[in-house]
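Numbering (the working numbering), first residue to last: 17 to 756.
The block underneath contains the structure these notes are about, expressed in structure tokens.
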């Protein structure tokens with residue numbers, strides 16, 4: 017609730033109190049209103065100061081209450097107006113955080129003081145909503161349209177120092193914010209008193225100009241052109257996400273309409289978002305991410321009983337692209353690192369690349385007033401000597417995907433590292449148990465599958481093997497947290513969760529090409545759905561040779577393939593040699609300037625359709641007598657996405673993942689699945705499992721030689737049980753229900 021007290025002299029103090037972050041429950045808002053009315057009615061009170069309890073102002077509305085935020089928006093907006101209309105000056109003392117509705121309350125106040133370490137922001141857009149308590153109308157009046165648009169459409173956190181530059185706060189202090197706010201309130205009282213004693217007429221007293229609803233929006237010489245350009249930039253960035261667009265419309269209304277009409281427009285737009293599927297999907301994604309901390313394994317070990325071990329020092333083996341990114345992550349997390357390469361030449365190349373990455377990160381951090389200490393050898397040491405790993409608590413091996421090489425390294429580590437050290441492998445598909453078999457401590461071996469670029473991507477797949485101990489899992493999860501990553505615990509199988517689900521998706525994309533599609537059409541369909549990058553552009557970016565190497569290792573192509581194997585069949589199932597043929601032609605993607613697309617040069621970024629490839633495809637179809645047909649956007653989406661979702665159901669049925677939410681978190685954070693669609697399993701639940709099943713049956717009948725299209729038994733079971741909500745799916749797995 018909000019607590020009302022009389023502060024120093026004639027200032028009333030209203031404290032928002034609802035631990036831990038003073039969320040604005042209806043009780044808190046009611047108490048705030050009562051406090052304001054009390055202060056207003058008390059003649060001895062000359063000013064009001066609003067602050068939060070325990071060094072935090074307020075994190076805004078409680079997201080769990082978003083099922084009824086209609087009522088909250090309707091209550092909070094008028095309350096902000098009530099604050100603003102007060103005849104007595106109201107000062108906000110912002111400590112810790114002022115987010116969402118918390119910041120909107122401060123916009124109703126006449127003055128704002130913030131602690132130098134405070135963070136401010138309107139993050140509603142990240143949950144598929146917009147600031148619904150008149151924030152889209154007040155903020156542009158206070159700081160101008162460009163800055164307001166940036167803050168409202170990105171939802172980013174603004175440090176107090178930036179807030180001061182923008183004019184979002186009047187003052188920042190390094191010491192007692194509450195005392196400074198009371199001091200300011202007393203200063204304003206004195207000015208007000210002085211004014212009323214003079215005979216001059218001051219329109220509106222000192223509060224008039226401080227009431228944001230009465231201020232005009234600062235004009236731009238080219239407002240229309242600015243808005244047009246800003247809108248296009250935002251559309252490009254947000255990939256079909258509705259909330260940023262409606263946030264934009266609300267701010268535009270502030271530039272075109274009187275305050276009251278703008279508020280009306282804001283409310284209409286808020287209600288559209290509230291009932292849109294996107295808001296539900298984004299809020300689902302928010303909670304799904306938090307649920308990954310509550311991990312459980314198929315044998316019943318869980319987060320409840322396992323404790324992590326501290327990591328005081330770590331090592332990374334292999335300074336290729338992944339290793340460099342991982343070293344950068346560890347340094348940024350303040351964990352001392354030993355970086356090891358087996359040969360001096362590679363070590364020197366790796367060192368240069370790591371230093372370059374760290375320099376860039378340091379520059380970014382300095383803008384946020386933080387420093388990065390990486391020139392100190394006690395924090396970061398480069399070596400070719402395995403003996404330097406004797407005292408580390410954890411090793412992350414990041415050499416390329418070759419089982420023999422990884423086993424050799426783990427055998428060595430097992431001899432050299434101290435008995436308590438954890439041994440992690442950054443593999444994207446290989447068997448964790450086989451790697452662990454090369455050591456004398458399989459219980460301390462775990463997969464930590466980073467995503468490239470490792471210092472940017474948030475996902476970390478944490479793969480436990482048959483012998484991995486709960487302590488090892490807990491330690492890897494703690495490491496993910498220290499690296500500011502989302503750790504998801506998954507079981508051990510080829511490709512784990514993310515890559516295993518990705519395989520049928522990419523496979524269908526290639527089959528569509530064989531049957532008459534083009535890389536551009538497939539990519540366009542999936543990018544229109546909301547993926548940042550389609551499967552063929554993604555393949556060119558990652559390098560086609562990566563998959564080629566893996567298929568050679570599996571004996572699917574290359575020298576070890578038995579002579580006389582049909583070109584388009586492996587093990588009795590359909591296979592497309594197209595990616596292999598491209599690699600045989602030296603087309604590895606961006607790195608060679610040619611792949612599924614052509615690029616301006618080797619290492620180029622701009623993908624252009626390639627006439628050579630289109631010609632090659634048509635010859636390939638003729639050679640293999642493939643009957644082509646026009647494949648529309650709907651078929652592309654259904655075949656690619658439903659094959660991926662189908663694999664998700666198989667993964668759940670096998671106990672490789674413990675919750676459908678975890679699959680969604682993996683896809684949103686590691687594979688560019690559009691967040692506003694809530695992840696593949698959530699998407700399946702919203703369009704209805706019967707529809708997914710019917711389409712899979714249709715495509716499976718058309719392509720009986722593609723096992724990935726045969727509907728999962730678990731999916732069939734859920735449809736037979738009446739399409740239950742996603743939360744209940746796992747209760748229908750008989751062999752798991754006792755353990756989960």
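Backbone N, C-alpha and C define an ideal beta-carbon position, used for all residues, glycine too.
query, result
"Rounded separation between residue 539 and residue 407 - CA only", "48 Å"
"Counterpart residues of residue 413 in DSSP-defined beta bridges", "333 and 441"
"When 190, 154, 318 and 305 are compared against residue 277, the one with the closest alpha-carbon", "154"
"Buried or exposed (CB count within 10 angstroms, at least 16 for buried), residue 610", "buried"
"Residue environment, residue 27, which counts as buried when at least 16 other CB atoms sit within 10 Å", "buried"
"Cβ-based burial, residue 237 [other Cβ within 10 Å; buried from 16]", "exposed"
"Nonlocal neighbours in the same chain, by C-beta distance under 7 Å from residue 201, ignoring five residues either side", "27, 63, 65, 105 and 107"
"Nearest-angstrom beta carbon gap, residue 701 and residue 727 [assumed within contact, 8 Å]", "Their Cβ separation, rounded to whole angstroms, is 16 Å, which puts residue 727 and residue 701 out of contact at 8 Å."
"Limits of the unbroken beta strand (DSSP E) element including residue 478", "475 to 480"
"Host alpha helix (DSSP H) of residue 293 (start-end)", "293 to 307"
"Residue 65: first and last residue of the uninterrupted beta strand (DSSP E) it sits in", "63 to 68"
"Own chain, CB closer than 6 Å to residue 311, minus 5 neighbours either side, in chain order", "319 and 505"
"Reduced DSSP secondary structure (H/G/I, E/B, other) of residue 343", "helix"
"Residues near residue 138 by beta carbon distance below 8 Å, same chain, minus five either side", "115, 116, 119, 120, 147, 151, 155, 167, 168 and 171"
"Contact under 8 Å by Cβ, residue 488 with residue 460", "yes"
"Ranges of the alpha helix (DSSP H) found wholly within the region 456 to 532, counting only runs of at least 4", "486 to 498 and 514 to 530"
"Bounding residues of the alpha helix (DSSP H) (the contiguous stretch that carries residue 678)", "676 to 686"
"Residue 114 - DSSP class collapsed to helix/strand/coil", "strand"
"Beta carbon of residue 515 nearer than 8 Å to that of residue 452", "no"
"CB of residue 78 within 8 Å of CB of residue 129, strictly", "no"
"Chain-order list of residues whose beta-carbon lies under 8 Å from that of residue 299 (same chain, five-residue window excluded)", "79, 82, 143 and 144"
"The region 494 to 503 in contact with the region 641 to 660 per 3-pair CB rule at 8 Å", "no"
"Reduced DSSP category for residue 127 - H, G, I as helix; E, B as strand; rest coil", "strand"
"Element boundaries [alpha helix (DSSP H), containing residue 265]", "258 to 272"
"Residue-chain proximity (residue 717, chain B), Cβ-Cβ < 8 Å", "Of the chains in the structure shown, none is chain B; there is only one protein chain."
"CB of residue 603 within 8 Å of CB of residue 592, strictly", "no"
"Contact check, residue 521 vs residue 659, beta carbons under 8 Å", "yes"
"Residue span of the beta strand (DSSP E) that contains residue 28, given as start and end", "27 to 32"
"Alpha helix (DSSP H) segments (min. 4 residues) lying fully within the region 595 to 672", "627 to 639 and 649 to 669"
"At least 3 beta-carbon pairs within less than 8 Å: the region 408 to 422 vs the region 335 to 347", "yes"
"Nearest to residue 419 (by Cα), restricted to the options 470, 569 and 398", "569"
"Inter-residue Cα distance where the pair is residue 352 and residue 374", "14 Å"
"Whole-Å CB distance - residue 179 paired with residue 136, under 8 Å assumed", "5 Å"
"C-beta contact flag for residue 67 and residue 141 at 8 Å", "no"
"Pair within 8 Å by beta-carbon distance, residue 763 and residue 547", "This structure does not reach residue 763, given that the chain is present from 17 up to 756, and the question cannot be answered."
"Residue 471 burial status per 10 Å Cβ neighbour count (16 or more: buried)", "buried"
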